[in-house]
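Residue numbers (UniProt numbering): 1 to 424.
Here a beta-carbon is modelled for each residue, glycine too, at the ideal position from N, C-alpha and C.
Quick caveat: nothing in here was measured; it's all calculated off a predicted structure.
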């Protein structure tokens, strides 16, 4: 097995003058300006770009009416032990489903929103939705770019919090469909913030950034104080732009905003485009799997983080979020602005991931080592979670082998063809 070769960590880290976040999250003016300029360029690109599929009519979603409003109010009702009324965007996604269920279990009111796009198997999203339905969570089929829909939701329910998890995910897909990233991750985020800043009361917002914002950094582990102005992919660039846009809406409109930089989330009901997921599929079918490696056979490594640990971090961010300081778009004082890494702090070589899957599946993988392509992926990720530990009480407890065992158990049950599908 190739050895994990990570850059050494300096004994004493000096503050980086290029860091966009200090302890109080005061971004460097040049970095802020350049990133906002990047966001404007991406928005212009989205407006002017005409992909080959543009001839397809836009999807239309049905919503509204007394029955619909009744379902919204019922799902948003806070139960015994609950405190918050939360709008979860991307609710039928991997993280969104788990977070929605965790909120509902503790008594919070939850409304889900998802556009059920076809980036990956929509049937998996529909099955996740069925799990949400069973728990009394109403998931609205709609898009975060639909201003009228969002305004209607805030008119029906005075949300205390928004958990914004809707996004166009994936690093490599950006090379095939770049406009979808700008549409969802920038335009959609701005649309949501516009509605939130005009709401009365304004909600506190927790949203999914990404560990990809660290881009070409070589210092490990990645800290929130590190520079994030060298993205390695368009996906990373849109997430970085989102962080600076969040700063702007916090500064001007008093929105309380917390960004969470997720590190390679895995687990049951996960995304089929993730390596652990399609490796499992290919190992079982006998199909060859490609394992990327760097120069001199350096291992590609990821800070794999189990979904239950990520959910705890998300709930910790909600529970410690302070109220926004504006209403109707009028700021009345400084508002909370935070960003946290949510990782496992233990980067594991992808070769080790494959070995664990072989052991759990009892099948030898047909492996082929390949040079890492220039598609936006990075060699390694490694989270410094000291800030999240201190301020959110975040403490990951699931090692990779334990987490993969739970994933494999779910996978085999879900794809067995049995009428009794896997559930929570």
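- Task: Report, in whole angstroms, the separation of the C-beta atoms of residue 293 and residue 369, which I expect to be a contact under 8 Å.
- Result: Sequence index remark: in the chain shown, residue 293 carries index 293 (1-based). Sequence index remark: in the chain shown, residue 369 carries index 369 (1-based). Right, their Cβ atoms sit about 6 Å apart.
- Task: Consult DSSP for residue 183 and reduce its assignment to one of helix, strand or coil.
- Result: For this step, residue 183 is matched to residue 183 along the chain shown. DSSP places residue 183 in helix when its eight states are reduced to three.
- Item | Reduced DSSP secondary structure (H/G/I, E/B, other) of residue 341 | Indexing the chain shown from 1 puts residue 341 at position 341. Three-state result, residue 341: strand.
- Cβ-based neighbour list, residue 97, same chain, cut-off 7 Å, excluding 5 preceding and 5 following: Along the chain shown, one-based indexing puts residue 97 at 97. Excluding residues within five positions, the ones whose Cβ falls inside 7 Å are 91, 128, 131, 132, 269.
- Query: According to DSSP, which residues form a beta bridge with residue 97?
  - Reply: As a working mapping, residue 97 is identified with position 97 in the chain shown. None; residue 97 has no bridge partner.
- Item | Ordered list of beta strand (DSSP E) runs contained in the segment 178–239, each at least 3 residues | Within the segment 178–239, the complete beta strand (DSSP E) runs of at least 3 residues are 204–208.
- Task: Evaluate the contact criterion for the segment 118–127 versus the segment 261–276: three or more CB pairs, one atom per stretch, below 8 Å.
- Result: yes
- Item | As assigned by DSSP and simplified to three states, the class of residue 258 | What you label residue 258 is simply residue 258 of the chain shown in a count that begins at 1. It is a strand residue.
- Do the CB positions of residue 188 and residue 208 come within less than 8 Å of each other? Here residue 188 is taken as the residue at index 188 of the chain shown, counted from 1. Here residue 208 is taken as the residue at index 208 of the chain shown, counted from 1. In this structure, residue 208 does not lie closer than 8 Å to residue 188 by Cβ.
- Message: I'd like the span of the alpha helix (DSSP H) that includes residue 403, first residue to last.
- Response: Within the chain shown, the letter at position 403 stands for residue 403. That run of the alpha helix (DSSP H) goes 400–414.
- Can you tell me the Cα-Cα spacing of residue 222 and residue 137, whole angstroms? On the chain shown, position 222 is the one that residue 222 refers to. On the chain shown, position 137 is the one that residue 137 refers to. When only Cα atoms are considered, residue 222 and residue 137 end up about 36 Å apart.
- Query: What does DSSP give as the partner residues of residue 112 in its beta bridges?
  - Reply: In the chain shown, counting from the first residue as 1, residue 112 sits at position 112. Bridge partners of residue 112: 88, 139.
- Message: Which of the three DSSP states is assigned to residue 24 in this structure?
- Response: For this step, residue 24 is matched to residue 24 along the chain shown. At residue 24 the pLDDT is 42, less than 50, meaning the model places this residue with poor confidence; the figure from the coordinates comes in the next sentence. Coil, per DSSP.
- Message: Can you tell me where the beta strand (DSSP E) holding residue 369 begins and where it ends?
- Response: Working through the chain shown from its first residue, we reach residue 369 at position 369. Run containing residue 369: 367–371, per the beta strand (DSSP E) assignment.
- Spatially closest choice to residue 284 from 84, 357, 173, by CA coordinates: Here the question's residue 284 lines up with position 284 in the chain shown. When each option's Cα is compared against that of residue 284, the closest is 357.
- Query: Which residue's Cα is closest to the Cα of residue 425: 89, 220, 156?
  - Reply: Because the chain here runs from 1 to 424, residue 425 falls outside it and cannot be looked at.
- Tell me the DSSP bridge mates of residue 175? Position 175 of the chain shown, counted from the first residue, corresponds to residue 175. BP columns for residue 175 are empty, so no partner.
- Could you give the DSSP three-state label for residue 313: helix, strand or coil? Counting from 1 along the chain shown, the entry for residue 313 is found at position 313. In this structure, residue 313 counts as helix in the three-state DSSP scheme.
- Return yes when the Cβ of residue 89 is within less than 8 Å of the Cβ of residue 144, no when it is not. Counted from its first residue, the chain shown places residue 144 at position 144. Counted from its first residue, the chain shown places residue 89 at position 89. Yes, Cβ-Cβ distance for residue 144 and residue 89 is below 8 Å.
- Kindly list the residues whose CB is nearer than 6 Å to the CB of residue 263, restricted to its own chain and excluding five residues on each side of it in sequence; keep chain order. Taking the first residue of the chain shown as 1, we reach residue 263 at position 263. Closer than 6 Å at Cβ, skipping near neighbours: 211, 303, 305, 343, 381, 383.
- Where the beta strand (DSSP E) containing residue 164 begins and where it ends: As a position in the chain shown, residue 164 is number 164, starting the count at 1. From DSSP, the beta strand (DSSP E) with residue 164 extends over 161–164.
- Drop a sphere of 10 angstroms on the beta-carbon of residue 337, count the other beta-carbons inside from all chains shown, and report buried for 16 or more, exposed for fewer. Position 337 of the chain shown, counting from 1, holds the residue named residue 337. Buried is the call here.
- Task: Excluding the 5 residues preceding and the 5 following residue 367 in the sequence, name in chain order all residues of the same chain whose CB lies nearer than 7 Å to its CB.
- Result: To locate residue 367, count along the chain shown from 1; it is residue 367. For residue 367, where only same-chain residues beyond five positions count, the Cβ hits under 7 Å are 289, 291, 354.
- Secondary structure at residue 246, three-state DSSP: helix, strand or coil? By one-based count along the chain shown, residue 246 stands at place 246. Shown here, residue 246 sits in a helix according to DSSP, grouped into three states.
- Query: Since residue 111 contacts residue 72 with CB under 8 Å, what's their CB separation in whole angstroms?
  - Reply: Along the chain shown, one-based indexing puts residue 111 at 111. Along the chain shown, one-based indexing puts residue 72 at 72. That pair is a contact at about 6 Å.
- Could you name the residues of the same chain whose beta carbon sits closer than 7 Å to that of residue 100, not counting the 5 residues immediately before and after it, in chain order? Mapped onto the chain shown, residue 100 falls at position 100. Here the set comprises 88, 91, 110, 112, 132, 137.
- Item | C-alpha gap between residue 374 and residue 396, whole angstroms | Indexing the chain shown from 1 puts residue 374 at position 374. Indexing the chain shown from 1 puts residue 396 at position 396. Cα to Cα, the separation comes out at about 32 Å.
- For the beta strand (DSSP E) containing residue 356, list its first residue and its last residue. If you number the chain shown from 1, residue 356 lands on position 356. Careful: residue 356 lies outside any beta strand (DSSP E), inside the alpha helix (DSSP H) at 350–361.
- Task: Following the continuous alpha helix (DSSP H) through residue 278, name the residue where it begins and the one where it ends.
- Result: Here residue 278 is taken as the residue at index 278 of the chain shown, counted from 1. 275–285 is the span of the alpha helix (DSSP H), which, as asked, contains residue 278.
- Task: Please state whether DSSP places residue 302 in a helix, a strand or coil.
- Result: Walking along the chain shown from the start, residue 302 turns up at place 302. If DSSP states are grouped into helix, strand and coil, residue 302 belongs with the strands.
- Does the distance from the C-beta atom of residue 174 to that of residue 256 stay below 8 Å? In the chain shown, residue 174 corresponds to position 174, counting from 1. In the chain shown, residue 256 corresponds to position 256, counting from 1. In this structure, residue 256 does not lie closer than 8 Å to residue 174 by Cβ.
- Task: For residue 82, name the three-state secondary structure that DSSP assigns.
- Result: Taking the chain shown and counting its residues from 1, the one referred to as residue 82 is at position 82. Note: residue 82 maps to coil in three-state DSSP.
- Look at the alpha carbon of residue 198 and the alpha carbon of residue 252, and state the distance between them as a whole number of angstroms. As a working note, residue 198 is residue 198 in the chain shown. As a working note, residue 252 is residue 252 in the chain shown. Those two C-alpha atoms are separated by around 12 Å.
- Residues bridged to residue 292 [DSSP beta-bridge criterion]: By 1-based counting over the chain shown, the position of residue 292 is 292. Answer by DSSP bridge pairing, in chain order: 370.
- Query: Going straight from the alpha carbon of residue 200 to that of residue 319, what length do you get?
  - Reply: What you label residue 200 is simply residue 200 of the chain shown in a count that begins at 1. What you label residue 319 is simply residue 319 of the chain shown in a count that begins at 1. Cα-Cα distance, rounded: 20 Å.
- Item | CA-to-CA distance, residue 265 to residue 406, given in whole angstroms | By one-based count along the chain shown, residue 406 stands at place 406. By one-based count along the chain shown, residue 265 stands at place 265. Across the structure, residue 406 and residue 265 are spaced so that their CA atoms are roughly 14 Å apart.
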